[in-house]
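Undergrad:
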Amino acid sequence: MEKVKANVKILRYQPETDKKPHWKTYEVEVEPDATILDVLNEIHWYHDGTLSYRRSCRSAICGSCAMKVNSRNVLACETPMSWFKNKLKIEPLPGLKIIKDLVVDWDDFFAKLERIKPYLIVDKPIPDKEFLQLPEEFEEIREAVTCILCAACTSSCPSLWGNENYHGPAALLKAYRFIFDSRDDGADERIDIINDRNGIWRCHTIFNCMEACPKDIKITEYLSKLKVKAAENSI
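Okay, so the sequence shown: first residue is 7 according to the numbering used here, each after it adds one.
1) Taking only the alpha-carbon atoms, compute the straight-line gap between K233 and E142 and give it to the nearest angstrom.
2) Return the chain-ordered list of same chain residues with a C-beta closer than 6 Å to the C-beta of D113, the five sequence neighbours on each side being excluded.
3) Under DSSP, the alpha helix (DSSP H) around W167 begins and ends at which residues?
4) Report all residues from its chain with a CB closer than 8 Å to the CB of W51; omit the five preceding and five following residues, and keep chain order.
5) Which word fits G174, buried or exposed, when buried means at least 16 other C-beta atoms lie within 10 angstroms of its C-beta?
6) Could you give the DSSP three-state label for I210: helix, strand or coil?
7) For A157, verify whether its CB is less than 6 Å away from any heavy atom of the ligand MN.
8) Does DSSP put M87 in a helix, in a strand, or in coil?
9) Go through its chain and collect everything with a Cβ distance to C219's Cβ below 7 Å, but skip five positions before and after it.
10) Out of curiosity, what's the CA-to-CA distance linking N201 and Y19?
11) In this structure, does DSSP put W112 in helix, strand or coil?
12) According to DSSP, is N79 part of a helix, a strand, or is it coil?
13) Ordered along the chain, which non-local residues of its own chain (more than five positions away) have a Cβ less than 8 Å from that of N204?
14) In terms of residue numbering, what span does the beta strand (DSSP E) encompassing V36 cover?
15) So that I know if they touch, is there some Cβ in chain C lying closer than 7 Å to that of G101?
16) Per the DSSP calculation, N4 is bridged to which residue(s)?
17) Could you tell me if N239 is buried or exposed, where buried requires 16 or more neighbouring beta carbons within 10 angstroms of its beta carbon?
18) List the DSSP bridge partners of N13.
19) Do L46 and W29 have their C-beta atoms closer together than 7 Å?
20) By the three-class DSSP mapping on this structure, what secondary structure does I49 have?
21) In terms of residues, what are the limits of the beta strand (DSSP E) holding I105?
22) Taking the straight line between their C-alpha atoms, what separation do you get for D54 and P131?
23) Alpha carbon to alpha carbon, how far is F116 from K235? Give it in angstroms, no decimals.
24) Determine contact between the segment 97-108 and the segment 133-140, defined as no fewer than three beta-carbon pairs at a distance below 8 Å.
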């Protein structure tokens with residue numbers, strides 16, 4: 007298969023030498039069916055070994071390769087270069103501190119996730135074998151469970167851009183996943199956590215998170231259910 011040319015503009019930042027991020031352009035040849043990650047690998051392996059970016063599974067499972075391409079948050083490993091007609095403008099995820107090139111600091115992202123206690127809280131005796139729930143009970147959280155914590159949704163959220171203390175869609179979706187889990191007993195505790203000035207009410211239903219989600223999770227719909235739950239608990 008004959009290779010095709012790609013014009014790739016990348017926002018670079020080397021903290022040792024750069025005062026601020028700057029653009030650098032590369033012209034490379036790749037396979038016609040190349041993904042964004044394939045393009046980055048081509049540049050890193052054969053043209054500029056100083057380029058830094060995260061990648062791991064290459065299967066849209068780990069979430070580590072999320073980045074902004076032509077103004078859209080995507081997973082580099084699953085996004086075809088051809089979507090953008092072989093002309094790419096690649097940046098790190100917005101709203102997060104840049105460590106180096108396309109690598110961003112996720113510490114705050116995971117700190118907010120930890121704050122909502124993303125694990126089962128169980129008051130009753132835990133079964134010795136499977137912790138069973140009915141199919142219809144699992145269906146309530148099935149889609150939320152597929153979140154891979156790539157931060158594409160959170161970094162696309164204007165509410166977070168304007169308020170860095172906002173929990174963000176990913177953490178709130180994870181709160182939904184456990185609050186609506188039939189096996190969990192920590193709903194009231196989590197609702198108290200998200201029902202503050204930087205919590206669920208900072209979601210203004212902009213829908214950027216849904217557009218950015220690589221798993222097509224209906225995030226805004228689930229956050230709306232959280233608002234109803236929080237309001238009911240406040241009565």
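No residue lacks a Cβ here, since even glycine has one placed at the ideal position from N, Cα and C.
TA: Working from what's here:
1) Residue mapping note: residue 233 aligns to position 227 of the sequence shown, counting from 1. Residue mapping note: residue 142 aligns to position 136 of the sequence shown, counting from 1. For K233 and E142, the distance between alpha carbons rounds to 22 Å.
2) As a working note, residue 113 is residue 107 in the sequence shown. Correct list: empty, nothing qualifies.
3) Along the sequence shown, one-based indexing puts residue 167 at 161. Its alpha helix (DSSP H) spans residues P164 to G168.
4) Counted from its first residue, the sequence shown places residue 51 at position 45. The answer is none, since no qualifying residue turns up.
5) Position 168 of the sequence shown holds residue 174. So G174 ends up on the buried side.
6) Your numbering for residue 210 matches position 204 in the sequence shown. Residue 210 is actually His in this sequence, not Ile. H210 sits in coil when the DSSP states are folded into three classes, being neither helix nor strand.
7) As presented, the structure is devoid of all ligands, the ligand MN included, so that no description of it is given.
8) For the purposes of this step, residue 87 is taken as residue 81 along the sequence shown, with counting starting at 1. Correct three-state label for M87: helix.
9) Counting from one through the sequence shown, the residue named residue 219 turns up at place 213. Excluding sequence neighbours, C219 sits near A158, C159 and I225.
10) Sequence index remark: in the sequence shown, residue 201 carries index 195 (1-based). Sequence index remark: in the sequence shown, residue 19 carries index 13 (1-based). Each residue's alpha carbon lies about 37 Å from the other.
11) For the purposes of this step, residue 112 is taken as residue 106 along the sequence shown, with counting starting at 1. Coil.
12) Counting from 1 along the sequence shown, the entry for residue 79 is found at position 73. Residue state, collapsed to three classes: strand.
13) Along the sequence shown, one-based indexing puts residue 204 at 198. If we look at N204 and ignore the five residues flanking it on each side, its Cβ neighbours are N169, N171, Y172 and H173.
14) In the sequence shown, counting from the first residue as 1, residue 36 sits at position 30. That run of the beta strand (DSSP E) goes H28 to V36.
15) Considering every chain present, this structure includes no chain C. It has just one protein chain.
16) In the structure as shown, the chain begins at 7 and stops at 241. Residue 4 is therefore absent and cannot be evaluated.
17) The residue given as residue 239 occupies position 233 in the sequence shown. Counting Cβ neighbours within 10 Å, N239 comes out exposed, since fewer than 16 surround it.
18) For the purposes of this step, residue 13 is taken as the residue at position 7 of the sequence shown. According to DSSP, N13 bridges with E33 and K93.
19) The residue you call residue 46 lines up with position 40 of the sequence shown. The residue you call residue 29 lines up with position 23 of the sequence shown. Going by C-beta atoms, L46 is not nearer than 7 Å to W29.
20) As a first step, residue 49 is located in the sequence shown; it is residue number 43 there, counting from the start. In the structure shown, I49 sits in a helix (DSSP, three-state: H, G or I).
21) One-based indexing of the sequence shown puts residue 105 at position 99. From DSSP, the beta strand (DSSP E) with I105 extends over I104 to K106.
22) Looking up residue 54 in the sequence shown gives position 48. Looking up residue 131 in the sequence shown gives position 125. Spanning the two alpha carbons is a distance of roughly 56 Å.
23) Translated into positions along the sequence shown, residue 235 becomes position 229. Translated into positions along the sequence shown, residue 116 becomes position 110. Their Cα atoms are separated by approximately 24 Å.
24) no
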